[in-house]
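Heads up, the sequence shown is in numbering that gives the first Met the number 0, so the first residue is 0 and it goes up one at a time.
Worksheet for the structure shown next.
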Amino acid sequence: MSGVLWAATAQAAALDTPGTGTAVRRIDVQAGMLVTPPEVRISPGLSTTLFFDARIRPEQLVLEGRERFQRFGVTEDHLVVVPSSTFREGERLRLEVRFHDGAVPDRAVVVLVVDAARAERQIELYRHARSAASYRQEVEELRAGMVRLERQVQQLQQSRTGAEYARETLIAELGDTGIVHSRFWVPRKVAGDVAPARVAFVRLSPRWAALRLTPVRAGTWNGWRAVGATLTDVHGKRLKTLPPWQEGSVGPDGRQPVIIIVDEPEAADHGRYTLELWDEGRKRTLKLEGLQAP
């Protein structure tokens, strides 16, 4: 596996005054995605030397315009170039070297830029090598992880409705610090067979929002379990909601909340709504009209 990720740094062994070109610049070569190669300034008549901390293959070196250089010399650990006067100001020349040991990255690329006023006289290239085997292992681990995730998604879609998963996630987060705000919705009218409820709109950004109902007084709530719910705006449009969730039937103390996940939290943030709930067979219902934040 090959590829280079250049991280060019302007680290110098001795900082000089601008334009003198006496500083030593270090360029780090790291494996990864191929990005824009770093630039190295060269000037006609002046030498630029590139040192490598790993052996390169001189016979596989590629340099654009190589025949136009006044002087050119390469060994397994360094390269010296002296541009001739035939090069134009600003001309760009691609230089590619390949390393000898087969580790990753297996090559390095820089761009030589003709600049008569600012020649970089010494460049040191340091390679952060990794073995090809370690890359193959990392890729295999990533692939295996993706396969596991895909299987989990398929199982979720086949074995349960995803709404169940969403409910479980929301219930776990209702007491979490991820709550953006929680405010009570006040109904203008209450009707039905179940005693009034206190309704809180809980906003979890950006993923979830929910209505949380708790009885104002237990009364007819005792033993009640909601199986269906609708949330409708003043124009008659129903917001997407998931079926009500309860940990169990409402007890005599009335402490068992009813959770209704709103699948359109942005829409539910504003406006006035009617909430209807019912149990199995619609034996006992609850209707809260004109729900909105105070």
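Glycine included, every Cβ here is placed at the ideal spot set by N, Cα and C.
How far does the beta strand (DSSP E) with residue i in it extend, from its first residue to its last?
i: Leu60; result: Note, Leu60: premise wrong, no beta strand (DSSP E); not H, not E.
i: Asp27; result: 23-29
i: Thr229; result: 225-232
i: Ala107; result: 106-113
i: His127; result: 121-127
i: Val80; result: 77-82
i: Thr240; result: Unbroken run through Thr240: none, as it is neither H nor E.
Report the option in the options whose CA atom is closest to the CA atom of residue i.
i: Asp232; options: Asp105, Leu287, Ile258, Ala194; result: Leu287
i: Leu60; options: Leu45, Thr74, Ala115, Arg147; result: Thr74
i: Pro186; options: Ile260, Gly89, Leu290, Glu275; result: Leu290
i: Asp378; options: Arg56, Ala194, Gln136, Gln121; result: Outside the modelled stretch of the chain, which goes from 0 to 293, sits residue 378, for which no answer is possible.
i: Glu66; options: Phe51, Ile260, Leu92; result: Leu92
i: Arg229; options: Phe86, Leu111, Pro243, Thr219; result: According to the sequence as given, residue 229 is Thr; it is not Arg. Checking every option, the nearest Cα to that of Thr229 belongs to Pro243.
i: Gly250; options: Leu241, Trp220, Thr48; result: Trp220
i: Phe86; options: Asp52, Leu45, Leu78; result: Leu45
i: Arg271; options: Ser248, Ile260, Arg283, Leu238; result: Leu238
i: Gly64; options: Leu49, His77, Glu90; result: Glu90
Would residue i be called buried (16 or more neighbouring beta carbons within 10 Å of its own) or exposed?
i: Glu119; result: buried
i: Phe183; result: exposed
i: Ala196; result: buried
i: Gln255; result: buried
i: Trp5; result: Because Trp5 sits at a pLDDT of 42, beneath the cut-off of 50, its placement in the model cannot be relied upon, and the following sentence gives the value as read from the coordinates. Result: buried.
i: Val96; result: buried
i: Val198; result: buried
i: Ala171; result: For Ala171, the predicted model reports a pLDDT of 49, less than 50, meaning its position is unreliable; a value from the coordinates is still stated below. The residue in question, Ala171, is exposed, as its Cβ has fewer than 16 Cβ neighbours within 10 Å.
i: Gly280; result: exposed
i: Ala208; result: buried
i: Arg126; result: buried
Would the beta-carbon of residue i fall within 8 Å of that of residue j?
i: Ala225; j: Asp262; result: no
i: Leu124; j: Ala102; result: no
i: Ile26; j: Val80; result: no
i: Lys285; j: Gly191; result: At residue 285 the sequence reads Leu, which differs from the Lys that was named. In this structure, Gly191 lies closer than 8 Å to Leu285 by Cβ.
i: Pro82; j: Val113; result: yes
i: Ile258; j: Arg211; result: yes
i: Ala115; j: Pro43; result: yes
Who does residue i pair with in a DSSP beta bridge?
i: Arg271; result: DSSP output for Arg271 lists no bridge partner at all.
i: Ala132; result: According to DSSP, Ala132 bridges with nothing at all.
The ligand NAD and residue i: does any heavy atom of the ligand fall closer than 7 Å to the residue's C-beta?
i: Leu241; result: Judged by which ligands are present, the structure shown has none, so any question about the ligand NAD falls away.
Quick one: does residue i have its CB under 8 Å from some CB of chain D?
i: Arg106; result: Any reference to chain D falls outside this structure, which holds one protein chain only.
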